[in-house]
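First to last, the sequence lines map onto chains A and B. Residue numbering for the first sequence follows this note's numbering, starting at 1 and increasing by one per position. Residue numbering for the second sequence follows this note's numbering, starting at 112 and increasing by one per position. Where is the CB? At the ideal position from N, CA and C, for every residue including glycine.
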Amino acid sequence: EDKVVQSPLSLVVHEGDTVTLNCSYEVTNFRSLLWYKQEKKAPTFLFMLTSSGIEKKSGRLSSILDKKELFSILNITATQTGDSAVYLCATIIQGAQKLVFGQGTRLTINP
Amino acid sequence: EAQVTQNPRYLITVTGKKLTVTCSQNMNHEYMSWYRQDPGLGLRQIYYSMNVEVTDKGDVPEGYKVSRKEKRNFPLILESPSPNQTSLYFCASRDSYNEQFFGPGTRLTVL
């Protein structure tokens with residue numbers, strides 16, 4: 001059974017801290033991994049990762065994929081209260097075009 | 112503006128009363144999906160479609176039907192809704208290589 005597991009499930013930090021969110025996966029025919037941010041509405045896209053070892057960056061956010069160890073991390077540096085959200089990880093299955101989501105990590109940034 | 116629209120945004124209904132949630136995208140995307148999101152269970156794929164007249168089951172298809180008669184529309188049908196289908200529903204679309212865009216969500220309550 002295809003599975004995506006995120007950790008931690010919940011994280012509370014102070015503004016300015018750096019956080020690392022984890023996503024591990026066990027899927028057949030892996031194609032790509034996606035990261036989303038979800039506030040009180042629909043998920044919004046952050047990154048798509050297909051190749052191992054290539055870091056993607058967007059401002060204070062960055063992500064990297066390790067296809068050998070089957071995991072990805074999402075880093076957020078100098079966190080702000082606006083980073084408070086649920087962060088979702090998902091894998092795209094080759095051929096089937098299915099997406100399998102993890103449970104999400106609820107990140108809370110306290111001022 | 113590129114977007115995925117869903118209607119209605121909120122719906123309260125009673126057990127057994129057939130309902131349809133509409134979904135439309137204006138990006139000419141091939142792939143469309145329906146998800147439900149429940150606390151502690153994350154986003155789970157109900158059905159997906161790879162093109163007109165091509166649909167397939169996701170992880171939780173029981174109690175749902177879909178159709179894809181036109182590329183832009185992908186309605187979700189609940190023939191006989193039950194209380195365990197109370198959830199937050201998202202429609203999404205994507206093309207082959209880009210990120211998935213989510214609709215705004217439909218909060219359904221079945222009494």
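Hey, would you say residue i sits closer than 8 Å to residue j, going by beta carbons?
i: glycine 216 of chain B; j: leucine 199 of chain B; result: yes
i: lysine 176 of chain B; j: valine 163 of chain B; result: no
i: serine 32 of chain A; j: leucine 46 of chain A; result: no
i: leucine 99 of chain A; j: serine 144 of chain B; result: yes
i: cysteine 23 of chain A; j: glycine 102 of chain A; result: yes
i: aspartate 170 of chain B; j: glutamine 148 of chain B; result: no
i: cysteine 134 of chain B; j: glutamine 117 of chain B; result: yes
i: serine 85 of chain A; j: lysine 37 of chain A; result: The identity of residue 85 of chain A in the sequence shown is alanine, whereas the question assumes serine. Closer than 8 Å, so yes.
i: valine 13 of chain A; j: valine 19 of chain A; result: yes
i: isoleucine 109 of chain A; j: glutamate 15 of chain A; result: yes
i: isoleucine 76 of chain A; j: leucine 61 of chain A; result: yes
Can you name the residues of chain B whose CB is closer than 9 Å to the CB of residue i?
i: proline 147 of chain A; result: The first residue shown for chain A is 1 and the last is 111, placing residue 147 of chain A beyond what the model contains.
i: lysine 98 of chain A; result: Ser144, Gln156, Tyr159, Asp167, Gly169 and Asp170
i: leucine 88 of chain A; result: Gly153 and Leu154
Which residue marks the beginning of the beta strand (DSSP E) containing residue i, and which one marks its end?
i: glycine 153 of chain B; result: 153–162
i: glutamine 103 of chain A; result: Unbroken run through glutamine 103 of chain A: none, as it is neither H nor E.
i: glutamine 136 of chain B; result: 130–136
i: leucine 34 of chain A; result: 30–38
i: leucine 75 of chain A; result: It is worth fixing the name first, because residue 75 of chain A is asparagine in this sequence and not leucine. Asparagine 75 of chain A -> beta strand (DSSP E) spans 71–76.
i: glutamine 148 of chain B; result: 142–149
i: lysine 41 of chain A; result: That residue, lysine 41 of chain A, is in no beta strand (DSSP E); it is neither H nor E in DSSP.
i: threonine 220 of chain B; result: 217–221
i: aspartate 66 of chain A; result: 61–66
i: serine 58 of chain A; result: 56–58
Name the chain C residues that come within less than 7 Å of residue i, Cβ to Cβ?
i: glutamate 210 of chain B; result: Reference to chain C is not applicable here, since the protein chains of this structure are A and B.
DSSP state of residue i, grouped into three classes?
i: aspartate 206 of chain B; result: coil
i: glutamine 196 of chain B; result: helix
i: aspartate 83 of chain A; result: helix
i: phenylalanine 201 of chain B; result: strand
i: lysine 168 of chain B; result: strand
i: threonine 50 of chain A; result: coil
i: glutamine 211 of chain B; result: coil
i: lysine 3 of chain A; result: strand
i: glutamate 26 of chain A; result: strand
In the DSSP assignment, what residue or residues form a beta bridge with residue i?
i: leucine 21 of chain A; result: A:Leu74
i: alanine 90 of chain A; result: A:Leu34 and A:Phe101
i: glutamine 117 of chain B; result: B:Cys134
i: leucine 11 of chain A; result: A:Leu107
i: asparagine 184 of chain B; result: B:Ser135
i: threonine 124 of chain B; result: B:Val221
For a contact defined as C-beta to C-beta under 7 Å, what are the partners of residue i on chain A?
i: phenylalanine 201 of chain B; result: Ala42
Anything in chain A within Cβ reach of residue i, meaning under 9 Å, just list it in chain order.
i: proline 227 of chain B; result: Residue 227 of chain B is absent from the structure shown; chain B starts at 112 and stops at 222.
List the residues of chain B whose Cβ lies closer than 7 Å to the Cβ of residue i, in chain order.
i: glycine 102 of chain A; result: Gly153
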